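Have a look at the structure below, then the notes.
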Amino acid sequence: MAVERNDFIRDIIDEDLRTRRHTTVVTRFPPEPNGYLHIGHAKAICVDFGIARDYQGRCNLRYDDTNPVKEDVEYVHSIEADVRWLGFSPAAVLFSADYFPKMYELAERLVTEGKAYVCDLTDEQIREYRGTLSEPGRESPFRTRSVDENLDLLRRMQAGEFPDGARVLRAKIDMASANMKMRDPLLYRIRHAHHHRSGDRWKIYPMYDYAHPLEDGIEGITHSICTLEFENNRELYDWVLDNTGPWKPRPHQYEMARLVLDYTVMSKRKLLTLVQDKHVIGWDDPRMPTIAGMRRRGYSPEAIRAFCDMIGVAKANSSIDIGKLEYCLRDDLNHTAPRVLGVLHPIEVELVGWPGFEDDGRSETIDAPYFPPDVGKPGSRPLLISGRIFIDREDWSDKPPEDYQRLAPGRTVRLRYGYCITATEVVERDAAGNATKLRATVHRETLGGKKPADGKKVSGVIHWVDAATSLPVEIRLYDRLFKVPKPEEGGGDFIEHIDPASFQVVTGARVEKSLADAAVGSRWQLERVGYFAVDQDSQPGALVLNRIVTLRDARVEKVVEKKVETEPAERKVNAKAQTRPKGKSPAEFRAEARARDPELAAAHARLGALPGITADHADLLAADRETAALTEAVVVRVPAELAAKWIINELPRALDDKPIGDVDPEQLTQLLGAVADGSLTASAAKGILGELVRSGKAFAELRTVSAQTVDLVPAVEAVIAANPEKAAQFKAGKTGLLGFFVGQVMKAAPGADAAAVNQALRDRLV
RNA sequence: UCGGGGAUCGUCUAAUGGUAGGACAGGAGCCUUUGGAGCUUCGAAUCAAGGUUCGAAUCCUUGUCCCCGAACCA
14 MAVERNDFIR DIIDEDLRTR RHTTVVTRFP PEPNGYLHIG HAKAICVDFG IARDYQGRCN
74 LRYDDTNPVK EDVEYVHSIE ADVRWLGFSP AAVLFSADYF PKMYELAERL VTEGKAYVCD
134 LTDEQIREYR GTLSEPGRES PFRTRSVDEN LDLLRRMQAG EFPDGARVLR AKIDMASANM
194 KMRDPLLYRI RHAHHHRSGD RWKIYPMYDY AHPLEDGIEG ITHSICTLEF ENNRELYDWV
254 LDNTGPWKPR PHQYEMARLV LDYTVMSKRK LLTLVQDKHV IGWDDPRMPT IAGMRRRGYS
314 PEAIRAFCDM IGVAKANSSI DIGKLEYCLR DDLNHTAPRV LGVLHPIEVE LVGWPGFEDD
374 GRSETIDAPY FPPDVGKPGS RPLLISGRIF IDREDWSDKP PEDYQRLAPG RTVRLRYGYC
434 ITATEVVERD AAGNATKLRA TVHRETLGGK KPADGKKVSG VIHWVDAATS LPVEIRLYDR
494 LFKVPKPEEG GGDFIEHIDP ASFQVVTGAR VEKSLADAAV GSRWQLERVG YFAVDQDSQP
554 GALVLNRIVT LRDARVEKVV EKKVETEPAE RKVNAKAQTR PKGKSPAEFR AEARARDPEL
614 AAAHARLGAL PGITADHADL LAADRETAAL TEAVVVRVPA ELAAKWIINE LPRALDDKPI
674 GDVDPEQLTQ LLGAVADGSL TASAAKGILG ELVRSGKAFA ELRTVSAQTV DLVPAVEAVI
734 AANPEKAAQF KAGKTGLLGF FVGQVMKAAP GADAAAVNQA LRDRLV
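Rendered as structure tokens:
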């Protein structure tokens, strides 16, 4: 069941299903219960659970709790709640700790088979023996212990006979491996610690690299998806599985890029710092990228899931524009958040001409829909208005700019859902000179969108609330926590980049009466202001609203992204380049192979002497014995230049990771011979070459067409006739379409001479 | 190449030798009782240089840049 939107992992799954390597898909989301989940985890959750959903498979929630000193039940509960809140139901909720007996049993098996040993080196010694990135390590003196002694020691480790750190169990792999992870990695360490789930039963605890593959194997995971930094661990993942199996299904690990978001930090350590040092009010501070924080802020699970779908799954490190998240939020909230009116910074307005205004006015009720027509959702609430209202100070200007669409002296605007009013005078000002009370005449004839009596169109619309019945409310304005897109870069402490204005409390704000009983967590749009959610701090009669996100604002004078003084980018010094000399290039590698191997050197000389063979050709053809042998066999009956080009440029794609030794020189000779004598076109030959390598069939069997048998004129005509509009575009100058036409003709007439097709198309398309 | 990965519009991501496409962001316009939403439209990319090919983001070569790896963390 191929899914509509594919990424590289789903491509792999499609292939696994097609080849019957797997018949069902089982994934897992494996958080360590040592902190709160954040938006980065949300991506992983959406990938892991999303794949299971798309392929009608299963996804487990599994706590990767192999380190008792870092983990806590508190986190276990928050994690499952967050996963479910996001909208996913685990097929099972599992704990690595429950597999400790099985893991231990397999550890004894590894010891028994001589594949693991107990090592008494201290941690510093182990580090020292491990070598460096560019130098091999040394074998531990304990590596040669007998199976019996290892078994005895391992059992005593688990029996609690040794203190923490005294001994470890290590896999016996290869201390000279270029992959540091394979240099006799630790499997178990001693920890006399209480585990939140297994209690005090275990004195030794498995390491991630040992535990994770086994957990996957035990649960029957088919596709184990993790992040890029585990690429180096995959070799060990495979080693563990291959030496403890057989496992059916045999899990495989795939790595994707982790989520990096602008204007925030994601590491657990930094998040913890923010909490502990009180830069935020807690894990659920609405500015935090934690699921808890986003939930409290008012983000909907739907929006977060849409965001995760939007950013895709790939292997390139990337940093996502926070604007994408905001887009997803607005896109969701636009369709789900009912509209209500609220005023952040009220200015009182007396409505002159309101009936009974002198004795504080009579009130009227307007029926106001919860959603605009384009959203098309039902529902409305009564909106009260009387002779005194509040409008937002943002909507008043003593000296308005040219394109101002709000209220100003003598100007007319419409009160949303209500009447048009014309400002007549400023009644009061505060000490700073800002208007605090206005007077305006109300145009009684304008209810229901009607124009004022003077017939002038009123384009400005502002929000308002009734002075008498509106509710006081505390509004909490949240913004991006950091002032800069990449707070972790630039050398300094990321804390310095916190934007103190990212949290502001607005007191004295007022909202319409209908919000009196709004439920905690409910989301609303305050028209023209933004989206808000009712915070858990709300009390009856004392509403608290969190701003989720502002409305998109096409008005704002472009805030010119203040160039973050790019101090001549103290280019991050390339540690690798400093610590060691530049390594060998492939060319040098080939030259060395020849220096070591006189046979190969001789072949190199012979190939270089062939007519039409350049030094570069010879270098590549004599890279290894297999390639050299194949070439020398083929050039006996095929022109050397042709053979060289095909072997260098065309064979690799056909091979697709298969060893070149698999290629039968005789078949390749026949194929290239046909190309050389013109009886087979190059494009046909490429297709046959691929098939030849893939199937191992004989050239004679695969050859179904020859250059002579193909009559391309009808094919060309047919393709042009079938695509009149594309032909017209081509004639109009879109020459890129030639490739499209050639492709179509080649499909219709396999084996045709592409150059001739190309020419024929050009002739007919001009 | 110590080893493992990666590089496509400003950002994210497709195209698996055959029209470099989509989304976000941006510009212009339309519409509008939200300066919202929607609609129309424009600009914008294959890391570089060579090579193979009728045709290259894709295959080959040589470079450049970025990320990860030397916890008894995961």
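Our numbering applies: residue 14 is where the first sequence begins, and numbers increase by one. Note that the Cβ used here is the ideal one computed from N, Cα and C, for glycine as well. In this text, all values refer to a predicted model and were calculated from it rather than measured experimentally.
(message) Only counting the same chain, and skipping five residues up and downstream in sequence, which positions put a Cβ closer than 7 Å to that of Leu715?
(response) Here residue 715 corresponds to residue number 702 of the first sequence, with the count starting at 1. These residues qualify, in order along the chain: Ile701, Glu704 and Leu705.
(request) Let me know the beta strand (DSSP E) ranges lying completely inside the segment 431-482, each 3 residues or longer, listed in chain order. (result) With a minimum length of 3 residues, the continuous beta strand (DSSP E) runs that stay inside the segment 431-482 are 433-442, 448-456 and 477-479.
(request) Look at the alpha carbon of Leu528 and the alpha carbon of Glu45, and state the distance between them as a whole number of angstroms. (result) Numbered from its first residue, the first sequence carries residue 528 at position 515. Numbered from its first residue, the first sequence carries residue 45 at position 32. Going from the Cα of Leu528 to the Cα of Glu45 covers about 41 Å.
(request) Count the other C-beta atoms from every protein chain shown that fall within 10 angstroms of the C-beta of Thr32, then say buried if there are 16 or more, exposed otherwise. (result) On the first sequence, position 19 is the one that residue 32 refers to. Result: exposed.
(request) Per DSSP, which residues does Asn427 bridge with? Please list them. (result) Counted from its first residue, the first sequence places residue 427 at position 414. Here the sequence assigns Arg to residue 427, which means Asn is not the residue at that position. In the DSSP output, where bridge partners are listed per residue, Arg427 has Cys433 and Val474.
(message) Please give the ranges of any alpha helix (DSSP H) in the segment 307-377, keeping only runs that are unbroken, at least 4 residues long and fully inside the region.
(response) Within the segment 307-377, the runs of alpha helix (DSSP H) at least 4 residues long that lie entirely inside it are, in chain order, 314-324 and 335-349.
(message) Give me the residue from Leu778, Val160, Arg603 and Gln757 with the minimum Cα distance to Thr748.
(response) One-based indexing of the first sequence puts residue 748 at position 735. The residue with the shortest Cα to Cα distance from Thr748 is Leu778.
(request) State the Cα-Cα distance for the pair Lys589 and Gly258, rounded to the nearest angstrom. (result) Here residue 589 corresponds to residue number 576 of the first sequence, with the count starting at 1. Here residue 258 corresponds to residue number 245 of the first sequence, with the count starting at 1. Reliability of the predicted coordinates at Lys589 is poor, the pLDDT of 36 falling under 50, and no value is obtained from them.
(request) Please state if the CB of Cys59 and the CB of Asp322 are separated by a distance shorter than 9 Å. (result) On the first sequence, position 309 is the one that residue 322 refers to. On the first sequence, position 46 is the one that residue 59 refers to. It is a contact, given that the beta carbons lie within the stated cut-off.
(request) Give me whichever residues DSSP pairs with His212 in a beta bridge. (result) For the purposes of this step, residue 212 is taken as the residue at position 199 of the first sequence. According to the sequence provided, residue 212 is Gly. The question's His does not apply to it. According to DSSP, Gly212 shares a beta bridge with His208.
(request) Alpha carbon to alpha carbon, how far is Glu315 from Lys261? Give it in angstroms, no decimals. (result) Residue numbering aside, residue 261 sits at position 248 when the first sequence is read from its first letter. Residue numbering aside, residue 315 sits at position 302 when the first sequence is read from its first letter. When rounded, the distance between both Cα atoms is 36 Å.
(message) Please report the distance separating the alpha-carbon of Gly621 from that of Thr640.
(response) Along the first sequence, one-based indexing puts residue 621 at 608. Along the first sequence, one-based indexing puts residue 640 at 627. Taking the straight line from one Cα to the other gives about 14 Å.
(request) May I have the straight-line CA-CA distance separating Leu287 from Ile508, to the nearest angstrom? (result) As a first step, residue 287 must be located in the first sequence, where it is residue number 274. As a first step, residue 508 must be located in the first sequence, where it is residue number 495. The straight-line gap from Cα to Cα measures roughly 8 Å.
(request) Measuring alpha carbon to alpha carbon, tell me which of Ala636, Leu725 and Ile22 ends up nearest Lys328. (result) Residue 328 sits at position 315 when you count from the first residue of the first sequence. Among Ala636, Leu725 and Ile22, the Cα nearest to that of Lys328 is on Ile22.
(message) Along the chain, where does the alpha helix (DSSP H) containing Arg23 start, and where does it finish?
(response) Taking the first sequence and counting its residues from 1, the one referred to as residue 23 is at position 10. Unbroken alpha helix (DSSP H) run through Arg23: Phe21 to Arg31.
(message) Within 8 Å, do at least three Cβ pairs link the segment 87-95 to the segment 39-58?
(response) The segment 39-58 is in contact with the segment 87-95.
(request) Return the CA-CA distance between Thr277 and Asp492, expressed in angstroms with no decimal places. (result) Reading the first sequence from its first residue, position 264 is the one you call residue 277. Reading the first sequence from its first residue, position 479 is the one you call residue 492. Approximately 11 Å, taken between the alpha carbons.
(request) State buried or exposed for Pro385, treating a residue as buried only when at least 16 other CB atoms are found within 10 Å of its CB. (result) If you number the first sequence from 1, residue 385 lands on position 372. Counting C-beta atoms within 10 angstroms of its own C-beta, Pro385 has fewer than 16 neighbours from the protein chains shown and is therefore classed as exposed.
(request) List the endpoints of the continuous beta strand (DSSP E) containing Thr520. (result) Residue mapping note: residue 520 aligns to position 507 of the first sequence, counting from 1. Going by DSSP, Thr520 is part of the beta strand (DSSP E) stretching over Phe516 to Val524.
(message) Let me confirm a value: Gly772 is counted as buried when at least 16 other C-beta atoms fall within 10 Å, else exposed. Which label applies?
(response) For the purposes of this step, residue 772 is taken as residue 759 along the first sequence, with counting starting at 1. The question names Gly, yet the displayed sequence has Gln at residue 772. The residue in question, Gln772, is exposed, as its Cβ has fewer than 16 Cβ neighbours within 10 Å.
(message) I need the straight-line Cα distance from Arg34 to Gly233, nearest angstrom please.
(response) Residue mapping note: residue 34 aligns to position 21 of the first sequence, counting from 1. Residue mapping note: residue 233 aligns to position 220 of the first sequence, counting from 1. So the two alpha carbons sit approximately 13 Å from each other.
(request) Give the straight-line distance between the Cα atoms of Pro763 and Leu774, rounded to the nearest whole angstrom. (result) Taking the first sequence and counting its residues from 1, one reaches residue 763 at position 750. Taking the first sequence and counting its residues from 1, one reaches residue 774 at position 761. The straight-line gap from Cα to Cα measures roughly 16 Å.
(request) To the nearest angstrom, report how far apart Asp530 and Val293 are at their CA atoms. (result) By 1-based counting over the first sequence, the position of residue 530 is 517. By 1-based counting over the first sequence, the position of residue 293 is 280. In a straight line, the C-alpha of Asp530 is about 29 Å away from that of Val293.
(request) State the Cα-Cα distance for the pair Ala635 and Ala616, rounded to the nearest angstrom. (result) Counting from 1 along the first sequence, the entry for residue 635 is found at position 622. Counting from 1 along the first sequence, the entry for residue 616 is found at position 603. So the two alpha carbons sit approximately 7 Å from each other.
(message) Quick check: Ala604 and Asp632, are their CB atoms within less than 9 Å of each other?
(response) As a first step, residue 604 must be located in the first sequence, where it is residue number 591. As a first step, residue 632 must be located in the first sequence, where it is residue number 619. For the 9 Å CB-CB criterion, Ala604 and Asp632 form a contact.
(message) Tell me the DSSP secondary structure of Thr644 in three-state form.
(response) Along the first sequence, read from residue 1 onward, the residue named residue 644 stands at position 631. Here Thr644 sits in helix by DSSP.
(message) Here's the rule I'm using: 16 or more other beta-carbon atoms within 10 Å means buried, otherwise exposed. How should Leu166 be labelled?
(response) Here residue 166 corresponds to residue number 153 of the first sequence, with the count starting at 1. Counting the other CB atoms within 10 Å of its CB gives Leu166 a total of 16 or more, which places it among the buried residues.
(request) Report the three-state DSSP secondary structure of Ile52 (helix, strand or coil). (result) The count along the first sequence starts at 1 and reaches residue 52 at position 39. Here Ile52 sits in helix by DSSP.
(message) So, does the segment 94-111 touch the segment 303-315, judging by three or more C-beta pairs under 8 Å?
(response) Yes: at least three Cβ pairs fall under 8 Å.
(message) Alpha carbons only, please: which of Leu254, Arg214, Cys239 and Pro264 is nearest the one belonging to Arg271?
(response) Taking the first sequence and counting its residues from 1, the one referred to as residue 271 is at position 258. With distances taken between Cα atoms, Arg271 lies closest to Cys239.
(message) Can you find the residues in the same chain that come closer than 6 Å, C-beta to C-beta, to Ala687, ignoring five residues on each side of it along the sequence?
(response) Locating residue 687 in the first sequence gives position 674, where the first residue counts as 1. Residues Leu693 of the same chain have their beta carbon placed closer than 6 Å to that of Ala687, with the five preceding and five following residues left out of the count.
(request) Tell me, please, whether the segment 458-476 touches the segment 425-445 by the rule of three or more beta-carbon pairs shorter than 8 Å. (result) Pairwise C-beta distances place the segment 458-476 in contact with the segment 425-445, as three or more of them are shorter than 8 Å.
(message) Which of the three DSSP states is assigned to Thr145 in this structure?
(response) Numbered from its first residue, the first sequence carries residue 145 at position 132. For Thr145, the three-state secondary structure derived from DSSP is coil.
(message) Please classify Glu679 as buried or exposed, where buried requires at least 16 other C-beta atoms within 10 Å of its C-beta.
(response) Position 666 of the first sequence, counting from 1, holds the residue named residue 679. Label assigned to Glu679: exposed.
(message) Could you compute how far the alpha carbon of Ile502 sits from the alpha carbon of Asp275?
(response) Locating residue 502 in the first sequence gives position 489, counting from the first residue. Locating residue 275 in the first sequence gives position 262, counting from the first residue. Reading the sequence as shown, one finds Glu at residue 502 and not Ile. If I take the Cα positions, the gap works out to 11 Å.
(request) Give every residue of the same chain whose Cβ lies closer than 8 Å to the Cβ of Gly207, excluding the five residues on either side of it in the sequence, and list them in chain order. (result) Position 194 of the first sequence, counting from 1, holds the residue named residue 207. The residue you asked about is not Gly; residue 207 is His in the sequence shown. Taken in chain order, the residues that qualify are Pro81 and Asp213.
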